[in-house]
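Heads up: the structure comes next, in structure tokens.
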Amino acid sequence: MSNDLKDKVAIVTGAARGIGRIIARHLLEVGMSVVLADMNEQLLEKTNEELCEIGPTLQVQCDVTKEQDIELMVAATIGRFERIDALINNAGIGNPHCPDIAEMTAEFWNKIISTNLTGPMLCSKHATPALRHSQGSIVHIASVRAIQSESNNEAYSASKGGLISLTHAMANTLGKTGVRVNCISPGWILTEESTRRKDGRQWVPTEAHHASHPVGRVGVALDIANMVEYLISEKASFITGQNFVVDGGAVKKIFI
Ligand SMILES: NC(=O)c1ccc[n+]([C@@H]2O[C@H](COP(=O)([O-])OP(=O)(O)OC[C@H]3O[C@@H](n4cnc5c(N)ncnc54)[C@H](O)[C@@H]3O)[C@@H](O)[C@H]2O)c1
């Protein structure tokens, strides 16, 4: 266990459910204080009730498309914990089916880009003064769809591809002030939400789904949380500007 994270402070956006909830839980388990930020107040309340049993939490309702919400989130974090050591930009709209490109509206496009790309940039902007002070780090959560896609993926793929570019650009700008910036591109990760069927029952992946991954299984949110823990720890002090694909090897498999 990396003890250099003990008593440090992380902000996790999109922490109310899914991958963000597990990242937040894991960082609490390794001894950090965690700010749980999400736009869904009801779900956030429920998640905070569960996670505050593990370690110090602060629940902040924040829509990452609204700069004023982000300013208040950062101020609330400093007010409660007096520092920020890690910002995990996880909040996102998951892979919506885009209209045919000939029918694409600016409204649809802008909604995805403003949540998945502009949101992380604005959160980074407001957390940067505190991160410079703590010599902290930022992790963006992108997707393998930044580097491979299927039809009707344009907005999501472009938003996540933008995050990978934002990562190396910010790493250059912030590196000289001691702040590292990295990105994780998850593959297929099972969450309570992604496995919930319309009838409320749980959907279970088939053997074929597991076998399509070189490691023999579909991912779980802890696979991403473990990588976050590593990237924000001292063990990763020589790593910045990188994108790490965490997908059980799936993008390296040829389908013939
Ligand atoms: N689950 C996967 O297989 C997978 C794969 C690749 C990448 N990802 C990425 O990982 C991240 C988390 O995915 P997930 O599957 O847990 O998603 P999810 O939909 O289960 O959870 C996303 C959380 O983000 C919050 N959110 C959405 N828009 C927001 C906004 N504007 N402001 C604040 N909070 C907002 C939601 O309320 C929700 O709690 C996303 O960025 C997603 O694109 C997921």
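The opening position of the sequence shown corresponds to residue 9 in the working numbering, with each subsequent residue numbered one higher. Heads up, the beta-carbon is just placed ideally off N, CA and C, and yes, glycines get one too.
Identity of the residues DSSP links to residue i by a beta bridge
i      : result
VAL228 : LEU198
CYS191 : HIS148, ASN251
GLN210 : ARG204
ILE19  : VAL43, LEU95
Three-state class that DSSP yields for residue i in the structure shown
i      : result
ASP46  : strand
PHE252 : strand
THR126 : helix
GLN76  : helix
SER159 : coil
SER220 : coil
ILE62  : coil
VAL68  : strand
SER173 : helix
MET9   : With a pLDDT of 48 at MET9, under the threshold of 50, the modelled position of this residue cannot be trusted; read the value that follows with caution. In this structure, MET9 counts as coil in the three-state DSSP scheme.
LYS112 : Just to set this straight, residue 112 is Met in the shown sequence, not Lys. Note: MET112 maps to coil in three-state DSSP.
LYS14  : coil
ARG88  : helix
CYS335 : Limits of the chain in this structure are 9 at one end and 264 at the other, which puts residue 335 out of reach.
GLY183 : helix
PRO104 : coil
SER165 : helix
PHE246 : coil
SER241 : coil
Sequence-distant residues of its chain with Cβ nearer than 8 Å to residue i (five each side left out)
i      : result
HIS3   : In the structure as shown, the chain starts at 9 and stops at 264, and residue 3 therefore has no counterpart that could be examined.
VAL259 : VAL152, ILE155, GLN156, GLY195, VAL253
HIS105 : ASN160
LEU130 : VAL72, GLU75, ILE78
VAL212 : THR203
ASP265 : Residue 265 lies beyond the range of the chain shown here (9 to 264); nothing can be said about it.
GLY257 : HIS221, PRO222, VAL223
ARG225 : HIS218, GLY256
Contacts around residue i, its chain only, beta-carbon distance under 6 Å, and the 5 residues preceding and following it disregarded
i      : result
SER142 : ARG91, ASP93
SER132 : ILE146
ALA2   : Past the edges of the chain, shown from 9 to 264, lies residue 2, and the structure says nothing about it.
MET40  : LEU13, LYS16, ALA18
GLY26  : THR199, GLU201
PRO137 : none
THR185 : ARG140
PRO64  : SER41
Below-8 Å beta-carbon distance, residue i vs any chain C residue
i      : result
VAL187 : Absent from the structure is chain C; it holds one protein chain and no more.
First and last residue of the uninterrupted alpha helix (DSSP H) at residue i
i      : result
LEU95  : Looking at the DSSP string, LEU95 is not in any alpha helix (DSSP H); the run it does join, the beta strand (DSSP E), is 94-97.
ILE264 : Element bounds for ILE264: n/a, residue is neither H nor E.
GLU37  : 26-37
Exposure label - residue i; buried when at least 16 CB within 10 Å
i      : result
LEU134 : Per the sequence shown, the amino acid found at residue 134 is His instead of Leu. That one is buried.
MET9   : Because the pLDDT of MET9 is 48, which lies under 50, any placement of that residue in the model is unreliable, and the number read from its coordinates should be weighed accordingly. By the 10 Å Cβ count, MET9 comes out exposed.
ALA45  : buried
PHE89  : buried
ASP217 : Inspection of the sequence shows that residue 217 is occupied by His rather than by Asp. HIS217 is exposed by the Cβ-count criterion.
ALA32  : buried
GLU68  : For clarity, residue 68 is Val in the given sequence; the question names Glu instead. Looking at its Cβ environment, which holds 16 or more other Cβ atoms inside 10 Å, VAL68 is buried.
ARG209 : exposed
PRO222 : exposed
ARG205 : exposed
SER245 : exposed
THR214 : exposed
ALA179 : buried
ALA24  : buried
ALA110 : exposed
ASP207 : exposed
ASN124 : buried
ALA83  : exposed
Cutoff 7 Å; reference residue i; Cβ partners in own chain excluding five residues on either side
i      : result
CYS60  : none
LEU95  : ILE19, CYS131, SER132, ALA135, LEU139, ILE146
THR248 : ALA179, GLY183, ARG188, VAL189, ASN190
GLY22  : GLY28, ASP46, ASN98, ALA99, GLY100
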